[in-house]
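Inspection log for the structure reproduced underneath, given as structure tokens.
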Amino acid sequence: MSIVYRVNTTTKEITHEELKEEYRLLGGRSLIARVLTDEVNPQCDPLGAGNKLILCTTLLAGTTLPMAHRLSVGGKSPLTGGIKEANSGGTAASMLARHGIKMIILEGLPQTNDWHILHIQKDGTPELMDAVDYLGLNNYDFAAKMQERFGKDVGVISIGVAGERGYRNSTVQLIDASTGYPSRAAARGGLGALMGAKKIKAVVIEKAANRYNFPYADKERYEAVRKKYIQRVLSSPRTESMQKTGTISMIDFTSTVAALPVRNFSGQFFEQAEAIKSKAFVERAFVGGGKNKEGCQPGCIVRCSNRFHTKDGEYLTSGLEYETVALCGSNCGIADLDVIARLDRMCDDLGVDTIETGATIAVCMEAGKVPFGDGEGAIALLQEMMDGTEFGRLMGQGTEAVGKALGVKRIPTVKGQALPAYDPRNIKGLGVTYSTSAMGADHTAGMTLGPGIDPSKKDFQVEKSRQSQMGAAVTDSFTCSFGWGELNNDEILPEVMSSLYGGEWTFEQIMNIGKETIKLERAFNKAAGFTGDDDCLPTFFYTEASATGTVFDISPEEMQEIFNY
Amino acid sequence: MIKVNYHELVWEDGKTVEDLLQLIKEDRQLRLLTHDTYTVIVNNELILPQDYAKTPLRTGDEVRVYPVMAGG
Ligand code: SF4
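Residue numbers (the numbering used here), protein chains in the order written: chain A, 771 to 1335; chain B, 934 to 1005.
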């Protein structure tokens, strides 16, 4: 896995490079941290010529290990102004891996208004195609046109109109393996706007004529550990629950401890939680031909995804997730799964982050633009983003911009990025992660629930978050996090690395990849102008008690301890 | 009556934390969320797994049960 394509969007020149030797043992998030450190000035304008958009595969890409094909997308974030890596399932990473492509770097800035599609042909040769006929299309129509032109099995990485317009909450969308629709997103941090600034509408990958063969250091050893890993995943009780309800079952828990965000992070219990819990979801999901147990990438054996149809039997959206149901649902006071699914579809189509968008709508509700609980009002606000009205374009700048413009006091953001779906007053370790991660508020940067710690108390949360953040940086360099539980142990992970890359790997060596990644990311942010003052939750989490009586009580000074390692 | 995650549950005094976890396992909806791995807090005290069977729950006790979690 060694091909790197570098696309100069100023000159339209594409160069083919071999992956540098010092990057060989990096992938996904760790590779992005290194390349941005080496090539991008942290003080650059995120939408200017100095920033680069990086698309890359993980350390396990090209192998037959299930769930290994995540696509990482990175750059300096147009939303936070800091370093950003967002990753997603879908088909694109395995399509790239079949060509032996490890990384694509989009750099420079076009001098004219010509838009292009980067087309990876069957023989792996890249070319820039004119995109004029496709401008103004959202992701669903665009993906359909690419499938019409290149066949159903084409891989598509695209931006919708949100990315074209430079919305700072815009996503990079990917085609889902089960449904064939562009419903998977590298969602956070506005990387769609960065791709739009380069005037690249999409990267379109045709199926490789000759499949790349991963150079296993020891194939026999690899096959043995692969088998062991698969057995563990298939016999895990977590896999069973993920297949039934995906991530949505988390609502059953967070709603009981007031960790589910409700009406702009009010900290209250959600009176209508039953309507969005897993039982209600399972009942609704099968109406009209919907399904669970879907895999978003080829060969997934957890299959946590789902497809959601209208009651009339028409496909509406896929991969309805906990975060979306919480942010676009309870956080807006909305308890109607049909409305939430429509919001999800609109977000994927336009190409905006469901977390940021749900948080933005809730801030609009707090300002009185529409009442909490008004599903049609929420849809109308999102429609404004689609239509590009003046207010819709403001919404496209994210939750913080909208909150400030509307004079809202309670704006739930860190480093300009909206909080995901765990209230930090009742899961305090996540408050530490939200505050201190270089990514801005991001749950995937370090989940902190684990045995032996009371999540509602401040004790040990900083240590737990430190450990989890390093672990997450490793996960994001390897695979989908939902297979990670069975991979992340002394017996499997070092064996996988040794059989793939040679040598005798230790668990510590692998964890070191995470540690180094976090150091690079933090150094990038520091050079971009971030200080310890940016590692903090909004004041209202410290001053307003939740329904369980808790406030967030870990001081910014205590959280700075996280970096003492 | 005890409270589990701030919500009331009818309870027979003297049954233990282990009995509660068993009940959670049998309840389809609760089982889905806990993935068989828990942190258990009773009246603000952390209970270690080896003490689950030795820790009785009585009327008025406040229990919190947390899963290991992941949610995308
Ligand atoms: S476990 Fe879920 S998110 Fe991960 S690859 Fe499979 S379907 Fe996609």
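For every residue, glycine included, the Cβ atom is placed at its ideal position computed from N, Cα and C. Just so you know, these numbers come straight off a predicted model, no measurement behind them.
What residue range does the beta strand (DSSP E) around residue i cover?
{"i": "A:Asn1076", "result": "Ser1075 to His1079"}
{"i": "A:Ser842", "result": "Leu841 to Lys846"}
{"i": "A:Met899", "result": "Pro896 to Asp900"}
{"i": "A:Ala955", "result": "Arg954 to Ala956"}
{"i": "A:Val777", "result": "Ile773 to Asn778"}
{"i": "A:Lys971", "result": "Ile970 to Ile975"}
{"i": "B:Glu995", "result": "Glu995 to Pro1000"}
{"i": "A:Thr850", "result": "Here A:Thr850 belongs to no beta strand (DSSP E), and DSSP marks it neither H nor E."}
{"i": "B:Leu942", "result": "His940 to Leu942"}
{"i": "A:Val926", "result": "Gly925 to Ser928"}
Report, in whole angstroms, the separation of the C-beta atoms of residue i and residue j, which I expect to be a contact under 8 angstroms.
{"i": "A:Glu1104", "j": "A:Gly1145", "result": "Correcting the residue type first, residue 1104 of chain A is Ile in the shown sequence and not Glu. That belief holds up - the Cβ atoms of A:Ile1104 and A:Gly1145 are roughly 5 angstroms apart, short of 8 angstroms."}
{"i": "A:Ser1205", "j": "A:Leu1307", "result": "5 angstroms"}
{"i": "A:Thr1318", "j": "B:Tyr985", "result": "Contact flag wrong, Cβ pair sits at about 23 angstroms."}
{"i": "A:Ala901", "j": "A:Ile887", "result": "5 angstroms"}
{"i": "A:Phe1311", "j": "A:Gly1201", "result": "7 angstroms"}
{"i": "A:Gln1187", "j": "A:Leu849", "result": "6 angstroms"}
{"i": "A:Val1178", "j": "A:Glu1136", "result": "5 angstroms"}
{"i": "A:Gly832", "j": "A:Tyr999", "result": "Rounded, the Cβ-Cβ distance is 16 angstroms, inconsistent with contact."}
{"i": "A:Ala967", "j": "A:Leu817", "result": "4 angstroms"}
{"i": "A:Ala856", "j": "A:Arg958", "result": "5 angstroms"}
{"i": "A:Thr861", "j": "A:Ala947", "result": "5 angstroms"}
{"i": "A:Gly1166", "j": "A:Asn939", "result": "6 angstroms"}
Determine the chain A residues that contact residue i at a beta-carbon separation under 8 angstroms, and present them in chain order.
{"i": "B:Thr972", "result": "Leu1219, Gly1220, Pro1221, Gly1222, Ile1223, Asp1224 and Pro1225"}
With 8 angstroms as the threshold, decide whether the Cβ of residue i is near any Cβ in chain A.
{"i": "B:Leu954", "result": "no"}
{"i": "B:Leu942", "result": "no"}
{"i": "B:Leu979", "result": "yes"}
Could you list which residues in chain B have their beta carbon closer than 8 angstroms to that of residue i, in chain order?
{"i": "A:Thr1318", "result": "Tyr939"}
Considering only the beta carbon of each residue, do residue i and residue j sit closer than 8 angstroms?
{"i": "A:Tyr1085", "j": "A:Ile1018", "result": "no"}
{"i": "A:Gly852", "j": "A:Ile824", "result": "no"}
{"i": "A:Ser772", "j": "A:Pro1068", "result": "no"}
{"i": "A:Val1140", "j": "A:Val1172", "result": "no"}
{"i": "B:Ile980", "j": "A:Asp1224", "result": "no"}
{"i": "A:Thr1183", "j": "A:Ala1211", "result": "yes"}
{"i": "A:Pro812", "j": "A:Ala1298", "result": "yes"}
{"i": "A:Leu1270", "j": "A:Tyr992", "result": "yes"}
{"i": "A:Arg1112", "j": "A:Ile1149", "result": "yes"}
{"i": "A:Val1321", "j": "A:Arg1163", "result": "no"}
{"i": "A:Lys969", "j": "A:Pro880", "result": "yes"}
{"i": "A:Gly1099", "j": "A:Glu1126", "result": "no"}
{"i": "A:Gly798", "j": "A:Ser847", "result": "no"}
{"i": "A:Asn1101", "j": "A:Arg1033", "result": "yes"}
{"i": "A:Phe1023", "j": "B:Pro1000", "result": "yes"}
{"i": "A:Val805", "j": "A:Leu876", "result": "no"}
{"i": "A:Arg954", "j": "A:Cys1066", "result": "yes"}
{"i": "A:Met1240", "j": "A:Ile1288", "result": "yes"}
Which bits of chain B does residue i rub up against, with CB to CB less than 7 angstroms?
{"i": "A:Val777", "result": "Simply none; closest approach about 29 angstroms."}
{"i": "A:Val1266", "result": "Per Cβ cutoff of 7 angstroms: no residues; A:Val1266 is ~20 angstroms from chain B at best."}
{"i": "A:Thr1026", "result": "Asn938, Tyr939 and His940"}
Taking the alpha helix (DSSP H) that residue i falls in, what are its first and last residues?
{"i": "B:Ile957", "result": "Val950 to Glu959"}
{"i": "A:Gly1201", "result": "Lys1198 to Thr1206"}
{"i": "A:Met1156", "result": "Gly1145 to Asp1157"}
{"i": "A:Arg1112", "result": "Leu1107 to Leu1120"}
{"i": "A:Leu961", "result": "Leu961 to Ala967"}
{"i": "A:Glu1286", "result": "Phe1277 to Ala1298"}
{"i": "A:Ile802", "result": "Gly798 to Glu809"}
{"i": "A:Met1020", "result": "Met1020 to Thr1024"}
Under a CB-based cut-off of 8 angstroms, is residue i close to chain B?
{"i": "A:Val1232", "result": "no"}
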